[in-house]
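S.K.:
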Amino acid sequence: MELIIFIIAAFLSYWYETELFLFFASVFVAVRFFSRWYDPIRLAWPPGRSGGAKWALGLLPAASFAIILVTLLTLASFDVTGLWVWFYIILGYAWMRCGVYLLERFFDLRPAIDAVHLDNRAAIFPVAGGFLGITLIYAGANIGDGPGWWAVLIAGGIGLVLWLLLAMSANRICEVSERVTVGRDNGCGIRFGAYLLAIGLVLGRASGSDWISFGATLRDFKTGWPALPLTLLFIAVERIYIWRKRKAPGGL
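Letter 60 of the sequence shown, counting from 1, is numbered 218 in my numbering, and no numbers are missing.
1) Which residues does DSSP list as the beta-bridge partners of G302?
2) Judging by CA-CA distance, which residue of S327, L201, T239 is the nearest neighbour of A385?
3) G358 and G291: beta carbons closer than 7 Å?
4) Compute the beta-carbon to beta-carbon distance between I226 and Y172, rounded to the nearest angstrom, for a pair I have assumed lies under 8 Å.
5) Between the Cα of I312 and those of G341, V274, A168, spot the shortest distance and give me the residue it belongs to.
6) Helix, strand or coil for W369 per DSSP?
7) May I ask you to report which of helix, strand or coil DSSP gives D197?
8) In the DSSP assignment, find the alpha helix (DSSP H) that holds R434 and state where it starts and stops.
9) Just to check, is the beta-carbon of G362 closer than 6 Å to a non-hydrogen atom of the ligand GTP?
10) Measuring straight from C-alpha to C-alpha, what distance separates L178 and P284?
11) Taking 8 Å as the cut-off, does the segment 254–270 touch the segment 187–195 (at least 3 CB pairs, one atom from each stretch)?
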C-alpha cells in the first residue's frame with residue numbers, strides 16, 4: 159500500500175515539477191515505517207524479553223539518520239541546504255520502509271518477530287547488516303551534484319536492485335534464510351549481516367556521482383565491481399561451512 163502511494167506521488171511530482179506530492183507521501187510512509195518498526199518491539203511480551211535485540215533494532219533508525227545527515231551535509235549537491243536536508247531525510251525513511259519490506263519478502267527476515275518475539279539472536283545480524291546496507295545505498299545516491307530528487311531515486315534504485323539480486327543469489331545458494339530463521343545459526347547470521355553491509359557500502363559508493371545522464375550513471379556502476387567477488391567469496395565460505403556440518407557426526 160505504502161509503496162503504491164509513494165510511486166504515484168513520485169510520478170505526480172515529476173510530472174507537475176513539484177516536490178509537494180512526494181514530500182507528503184514520504185511523510186506518510188515514514189510515519190508508517192516508524193509505527194511498523196517500533197510498535198512490535200514496544201509491545202513484545204514479556205517486557206524484559208530480548209533486551210539486546212530491542213536495543214539493537216531500536217537504534218538502527220537513529221544510525222540511518224546519522225549516516226544520511228552526514229552525507230547530505232558534506233557530500234550532497236551544493237543546493238541541498240536548509241529544508242531540503244529534511245526533505246531528503248524524510249525521503250530516506252520512506253526508502254527504508256521499502257527496504258525493510260524487501261528484507262521480509264525476499265529473505266524471510268521479520269525483525270520484530272524473529273529477533274524479539276522468537277528471541278532469535280542469529281536474526282539480529284542480517285537485519286542490521288541489511289538495514290544499514292540499504293541505508294548506505296540511499297546515502298551514496300545523494301553524493302554529488304544532480305538535477306533533483308528523481309536522480310537520487312534512479313541512482314539509488316539501480317544500486318538497490320543490484321544489491322538485492324546479489325544478496326538473493328547468495329541467500330538461495332547458501333540456504334541462509336533457513337539456517338538463520340530455523341537453525342538459528344549465529345555464525346551464518348553474522349557473516350550474512352557483514353556481507354549485506356559490505357556490498358551495501360560498495361554499491362552505495364557506486365551510486366554516488368554527479369548526474370550527467372542515465373547512461374553515464376549506469377557506466378559509473380562499474381566502480382561497484384567488488385560486490386561480485388565479495389558475493390562469490392561469501393558463497394564459497396558458506397558452502398564450506400555447510401559441507402563441514404554435513405560431514406560432521408550427526409550432521410545433515
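The C-beta atom is built at its ideal place from N, Cα and C for all residues, glycine as well. None of the values given here were measured: they were computed from a predicted structure.
M.R.: This is what the structure gives:
1) As computed with DSSP, G302 is found in a beta bridge with A234.
2) Selected option, being the one with the closest Cα: S327.
3) The beta carbons of G358 and G291 sit closer together than 7 Å.
4) That pair is no contact at about 22 Å.
5) The residue among G341, V274, A168 with its C-alpha nearest the C-alpha of I312 is A168.
6) Note: W369 maps to coil in three-state DSSP.
7) DSSP places D197 within a helical segment (H, G or I) once states are collapsed to three.
8) For residue 434 there is no data in the structure shown, the boundaries of the chain being 159 and 410.
9) No copy of the ligand GTP appears in this structure; indeed no ligand is present at all.
10) The alpha-carbon of L178 is positioned some 35 Å away from that of P284.
11) Because the criterion of three Cβ pairs below 8 Å is met, the segment 187–195 and the segment 254–270 touch.
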